[in-house]
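Q: These protein sequence lines map, in sequence, to chains A, B and C.
Just so you know, the first sequence maps onto residues 70 to 319 in this note's numbering.
Just so you know, the second sequence maps onto residues 32 to 119 in this note's numbering.
Just so you know, the third sequence maps onto residues 2 to 305 in this note's numbering.
Even glycine gets a Cβ: it sits at the ideal position worked out from N, Cα and C.
Computed from a predicted structure; not experimentally measured.
Here you go, one structure.
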Amino acid sequence: MIVQADILKVFLYLGAALSTGIASLSAGYGEGFAAAHTARAMMRQPNANNNLTRTMLISQAIVESGAIFALVISMLLLFGGFTSRETDWAKAFSLLGAGLAIGLGCTGPNFGSGYSAGMAIDGIARNPSKSGRITANMLIGQAITESGTIFSLVISLLLLYTVPAQMEDPTLMKIIVKSCAYLTAGLVIGIGTFGPGAGIGYVAGKANISISKHSKDQGLITRTMFLGAAVSESTAIYALVVAFLLIFVS
Amino acid sequence: MDPNTTQILASGIAKGAAFLGAGICMGIGALGPGVGEGYVAGKACEGVARSPEQAGLITRTMLIGQAVSESTGIYSLVIALLLIFTTS
Amino acid sequence: MKSKKMSLKTVLIVFFLIELIIAFFFLGSTLHIGTNPDTGQKIWFEKKTETMNQEIDFDIQPDLYVEKYNVEEPWKFTYGSKNLYDIFVKMFGTGSAILNFRLWRMILYLDIFMILLALFIRFKSSKIPSKIQVVFEMVYGFIDDLVAETLGDNKRHFTKFFLTIFLFIFFSNWSALLPIPGISEPTKNLNVPLGLGFMSIGLVHFLSLRKKGIIDYAKGFCEPFFIMAPLNIVGEVSKVISISFRLFGNIFGGAIITLVISSLTKNVIVPIGLNLFFTMFAGTIQAFVFTMLALTYLSMEIVD
Chain A
70 MIVQADILKV FLYLGAALST GIASLSAGYG EGFAAAHTAR AMMRQPNANN NLTRTMLISQ
130 AIVESGAIFA LVISMLLLFG GFTSRETDWA KAFSLLGAGL AIGLGCTGPN FGSGYSAGMA
190 IDGIARNPSK SGRITANMLI GQAITESGTI FSLVISLLLL YTVPAQMEDP TLMKIIVKSC
250 AYLTAGLVIG IGTFGPGAGI GYVAGKANIS ISKHSKDQGL ITRTMFLGAA VSESTAIYAL
310 VVAFLLIFVS
Chain B
32 MDPNTTQILA SGIAKGAAFL GAGICMGIGA LGPGVGEGYV AGKACEGVAR SPEQAGLITR
92 TMLIGQAVSE STGIYSLVIA LLLIFTTS
Chain C
2 MKSKKMSLKT VLIVFFLIEL IIAFFFLGST LHIGTNPDTG QKIWFEKKTE TMNQEIDFDI
62 QPDLYVEKYN VEEPWKFTYG SKNLYDIFVK MFGTGSAILN FRLWRMILYL DIFMILLALF
122 IRFKSSKIPS KIQVVFEMVY GFIDDLVAET LGDNKRHFTK FFLTIFLFIF FSNWSALLPI
182 PGISEPTKNL NVPLGLGFMS IGLVHFLSLR KKGIIDYAKG FCEPFFIMAP LNIVGEVSKV
242 ISISFRLFGN IFGGAIITLV ISSLTKNVIV PIGLNLFFTM FAGTIQAFVF TMLALTYLSM
302 EIVD
């Protein structure tokens, strides 16, 4: 069941376009959120503009990392040599799934990181003397938020490189089942990380603003944030487990 | 079409649909609990900041609330695993 | 109380000796589960004697590699490029190994390192602390305060357990920084996080059973109704899954990303930034998150 070269290109181009397209949408929103809050914060604290700009740039770099991962996957899909050899339908669907996984998968974490960055900047505007603590907490929060993106990237790379180009003994039934399984593996991790990503972002944002209000309890707040974020992440991990099962067990 | 081929096609589509269903079930099922648990934890952070002496109580309440919110995520996981392993 | 402590020490020493014996007797062999590639039979396990030094590296000896594994330009029909093929063969092996003794040896190195570190700190400690002593006192004090706040002042003896878990995961994650071939993070292999997860959650259930008695323990599963018992059991199992896959996913993802990006840039740009983020920053955070979650699950069961 070899896919014609032109039809394989449809899958590749669609995967590449969806991956970077959806990822850029969310990354743009997140970075814009951070920048908007910076602009408002500048109005309140014109003296702290160096601090605010630095925090904004750091946080935007982290929010952008999801979009950069998606760009890497797009580049691999376009120029990774996948058109040069004969592939069957299952691999074609796995290529589309790889694009969808990272594209959808970094949506939630990007929204979340953006929210956390905006709240951190609000916090600095409220209490500029504690900007170091708030930035540290923001970085820790964003590192936990980004683990959804990392899960999606893992599934994308597994779909790209561990799915063989041609099945060993292809039958019609096997091809249909495997195609569905690979496409779904991309979808499940893509949609599944949205909720946890947004939720952890909310936790990290609230923790940032709380530290600016009550900076002497920073240890306690960061610990509560860790705990809440770690528990919120568990549904993303269930999605990761289901994706692994779909790739390797189906 | 040859009836034998139709039979194979139908069973293949059924199993494929089971996988598709498993993925969509777990994917969308992870949405609500994720956002909800995050909201709980965010409010708990605010609460701890406001009254740090009650931190133990607040953390405990947060964990119980999250455990209950997560139960729907676990139901999704159960259904997804059933769809993957028991359908044929 | 004294006899209990002695027996625990004996158990630990016996485990360490078993680990030593396994690591040195089966050095370089691999247990497999699945299909035997030579005969095509389904088997439970297979022992391949192949020491690490004789393993053929594709980049150095491609002819021998192709002859040995009986492949003709394998990357062309399964993988995108030669470099990535090589990476994934290195990462997953050609079969599905359940027990890789390279992993076992890596854990052994870590154990010996941690024992030596503990002895060093124990015998070098003085009233006027050196720098390394200050660092470890800080770490100990941090975990000790955490345990005392979460479990209560009378449960400080759990500090040893949680400090060991924290330091083990921390050193495992950071061992990726050593530029020695054959050394990789043990936490990258799913077996290690799963083992740690089962250990932590098993401890929670054992202590809960001892505290409540068997009837109350069983009643705990039947909340709010009797019918919900299967779902509660699934919930407990999913705790193990979530705590171990969190560690595994983050470390494994970081390792894959670092490998793929360094191979895409042909190793020209050494990915220092990626190592800085994934290994050092995320590694430390994940070690702390694991410890914190294990501690919290324990506190929910044994604190009134």
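With a cut-off of 9 Å, does the C-beta of phenylalanine 278 of chain C fall near any C-beta of chain A?
A: For the purposes of this step, residue 278 of chain C is taken as residue 277 along the third sequence, with counting starting at 1. Taking Cβ atoms only, chain A reaches closer than 9 Å to phenylalanine 278 of chain C, which makes this a yes.
Q: Please list the partners that arginine 157 of chain C has in chain A, where partner means a Cβ-to-Cβ separation under 9 Å.
A: As a working note, residue 157 of chain C is residue 156 in the third sequence. The premise fails here: arginine 157 of chain C is roughly 18 Å from chain A at the closest Cβ pair, so nothing lies under 9 Å.
Q: Where does isoleucine 129 of chain C fall in DSSP's three states?
A: To locate residue 129 of chain C, count along the third sequence from 1; it is residue 128. Coil at isoleucine 129 of chain C, not helix or strand.
Q: For phenylalanine 151 of chain A, count the other beta carbons within 10 Å of its own beta carbon; 16 or more makes it buried, fewer makes it exposed. Which is it?
A: For the purposes of this step, residue 151 of chain A is identified with residue 82 of the first sequence, where counting begins at 1. Under this definition phenylalanine 151 of chain A is a buried residue.
Q: Counting pairs of Cβ atoms below 8 Å between the region 111-127 of chain A and the region 186-193 of chain A, do you hit three or more?
A: yes
Q: Per DSSP, isoleucine 76 of chain A forms a beta bridge with which residues?
A: One-based indexing of the first sequence puts residue 76 of chain A at position 7. Answer by DSSP bridge pairing: none, since isoleucine 76 of chain A is not bridged.
Q: Going straight from the alpha carbon of glutamine 55 of chain C to that of leucine 179 of chain C, what length do you get?
A: As a first step, residue 55 of chain C is located in the third sequence; it is residue number 54 there, counting from the start. As a first step, residue 179 of chain C is located in the third sequence; it is residue number 178 there, counting from the start. At glutamine 55 of chain C, the pLDDT of 43 sits below 50, so the modelled position is not reliable and the matter cannot be decided from this model.
Q: Can you confirm whether threonine 11 of chain C, when its beta carbon is compared against all beta carbons of chain B, has any partner nearer than 9 Å?
A: Walking along the third sequence from the start, residue 11 of chain C turns up at place 10. So, not an interface residue.
Q: Grouping DSSP H, G and I as helix and E and B as strand, with all else coil, what is aspartate 33 of chain B?
A: The residue you call residue 33 of chain B lines up with position 2 of the second sequence. Reduced to three states, the DSSP call for aspartate 33 of chain B is coil.
Q: Look up aspartate 157 of chain A in the DSSP assignment and give the residues it is bridged to.
A: Against the first sequence, residue 157 of chain A aligns to sequence position 88. Its beta-bridge partners are A:Ile71.
Q: Serine 107 of chain B touches chain C at which residues, Cβ-Cβ below 8 Å?
A: Taking the first residue of the second sequence as 1, we reach residue 107 of chain B at position 76. Within 8 Å Cβ-Cβ: nothing; serine 107 of chain B doesn't reach chain C, min ~11 Å.
Q: Below 8 Å, how does it come out for the region 73-87 of chain B and the region 307-319 of chain A: are there three or more Cβ pairs, yes or no?
A: no
Q: What residues from chain C crowd round leucine 113 of chain B, counting only those whose CB sits closer than 7 Å?
A: As a first step, residue 113 of chain B is located in the second sequence; it is residue number 82 there, counting from the start. Going along chain C, no residue has its Cβ under 7 Å from leucine 113 of chain B, so there is no contact; the nearest lies around 11 Å.
Q: Would phenylalanine 217 of chain C be called buried (16 or more neighbouring beta carbons within 10 Å of its own) or exposed?
A: The sequence position of residue 217 of chain C within the third sequence is 216, counting from 1. In the sequence as displayed, the identity of residue 217 of chain C is aspartate instead of phenylalanine. Burial is judged here by how many other beta carbons sit within 10 angstroms of a residue's own beta carbon; aspartate 217 of chain C has fewer than 16 and is exposed.
Q: Quick check: the region 275-288 of chain A against the region 216-228 of chain A, are at least 3 beta-carbon pairs closer than 8 Å?
A: no
Q: Should threonine 92 of chain B be flagged as near chain A, meaning a C-beta pair shorter than 9 Å?
A: Position 61 of the second sequence holds residue 92 of chain B. It does not: the Cβ of threonine 92 of chain B has no partner Cβ on chain A nearer than 9 Å.
Q: Under three-state DSSP, which class holds asparagine 190 of chain C?
A: Against the third sequence, residue 190 of chain C aligns to sequence position 189. Here asparagine 190 of chain C sits in coil by DSSP.
Q: Could you give the DSSP three-state label for cysteine 175 of chain A: helix, strand or coil?
A: As a first step, residue 175 of chain A is located in the first sequence; it is residue number 106 there, counting from the start. Note: cysteine 175 of chain A maps to coil in three-state DSSP.
Q: Which residues, in order along the region 211-245 of chain A, keep a beta-carbon less than 8 Å from a beta-carbon of chain C?
A: Ala212, Ile213, Ser216, Ile219, Phe220, Leu222, Val223, Leu226, Leu229, Tyr230, Thr231, Pro233, Ala234, Gln235
Q: Is there at least one Cβ from chain A nearer than 9 Å to leucine 132 of chain B's Cβ?
A: Coverage of chain B is limited to positions 32 through 119, which leaves residue 132 of chain B absent and any answer about it impossible.
Q: In terms of alpha-carbon separation, which member of A:Ala130, A:Met111, A:Ala139 lies closest to glycine 172 of chain A?
A: Taking the first sequence and counting its residues from 1, the one referred to as residue 172 of chain A is at position 103. Considering only alpha carbons, the answer is A:Ala139.
Q: Tell me, please, whether the CB atom of threonine 297 of chain C is closer than 9 Å to any CB atom in chain A?
A: Position 296 of the third sequence, counted from the first residue, corresponds to residue 297 of chain C. Yes, threonine 297 of chain C lies at the interface with chain A (some Cβ there is under 9 Å from its Cβ).
Q: Using only alpha-carbon positions, find the residue among C:Ile166, C:Asp145, C:Ser176 that is nearest to lysine 156 of chain C.
A: By one-based count along the third sequence, residue 156 of chain C stands at place 155. The shortest Cα separation from lysine 156 of chain C among C:Ile166, C:Asp145, C:Ser176 belongs to C:Asp145.
Q: Compare the C-beta of serine 239 of chain C with all C-beta atoms of chain A and state if any pair is closer than 9 Å.
A: Residue numbering aside, residue 239 of chain C sits at position 238 when the third sequence is read from its first letter. Output row for serine 239 of chain C: interface = yes.
Q: Among residues of its own chain, excluding the 5 on either side of lysine 160 of chain A, which ones have a beta-carbon nearer than 6 Å to its beta-carbon?
A: Position 91 of the first sequence holds residue 160 of chain A. The residues are Val232, Ala234.
Q: Check whether the Cβ of glycine 106 of chain A lies closer than 9 Å to any Cβ atom in chain B.
A: In the first sequence, the residue the question calls residue 106 of chain A occupies position 37. Looking at the sequence shown, residue 106 of chain A is not glycine but histidine. Histidine 106 of chain A does not count as touching chain B.
Q: Does glycine 259 of chain A get closer than 9 Å to chain B when you measure Cβ to Cβ?
A: On the first sequence, position 190 is the one that residue 259 of chain A refers to. Yes, contact with chain B.
Q: Label histidine 158 of chain C either buried or exposed according to how many other C-beta atoms from any shown protein chain fall within 10 Å of its C-beta, with 16 as the threshold for buried.
A: Walking along the third sequence from the start, residue 158 of chain C turns up at place 157. Histidine 158 of chain C is exposed by the Cβ-count criterion.
Q: Can you look up aspartate 238 of chain A in the DSSP assignment and give me helix, strand or coil?
A: Looking up residue 238 of chain A in the first sequence gives position 169. Collapsing the DSSP output to three states places aspartate 238 of chain A in coil.
Q: In chain order, what residues of the same chain have a beta carbon less than 6 Å from the beta carbon of phenylalanine 249 of chain C, not counting five sequence neighbours either side?
A: Within the third sequence, the letter at position 248 stands for residue 249 of chain C. Answer for phenylalanine 249 of chain C: Leu191, Pro194, listed in chain order.
Q: Between glutamate 150 of chain C and chain B, is any beta-carbon pair separated by less than 9 Å?
A: As a first step, residue 150 of chain C must be located in the third sequence, where it is residue number 149. Yes, glutamate 150 of chain C counts as interfacial toward chain B.
Q: Give a yes or no on whether the minimum CB-CB distance between valine 135 of chain C and chain B is below 9 Å.
A: The residue given as residue 135 of chain C occupies position 134 in the third sequence. Not closer than 9 Å to any Cβ of chain B, the Cβ of valine 135 of chain C fails to qualify, so no.
Q: Helix, strand or coil, according to DSSP, for proline 231 of chain C in the structure here?
A: Here the question's residue 231 of chain C lines up with position 230 in the third sequence. Judged by DSSP in its simplified three-state form, proline 231 of chain C adopts helix.
Q: Assign valine 310 of chain A to buried or exposed, taking buried as 16 or more other Cβ atoms, counted over all protein chains shown, within 10 Å of its Cβ.
A: Counting from 1 along the first sequence, the entry for residue 310 of chain A is found at position 241. Buried is the call here.
Q: So, for tyrosine 98 of chain A: in the same chain, excluding its five sequence neighbours on each side, which residues have a beta-carbon less than 8 Å away from its beta-carbon?
A: Along the first sequence, read from residue 1 onward, the residue named residue 98 of chain A stands at position 29. Asn179, Phe180, Gly183.
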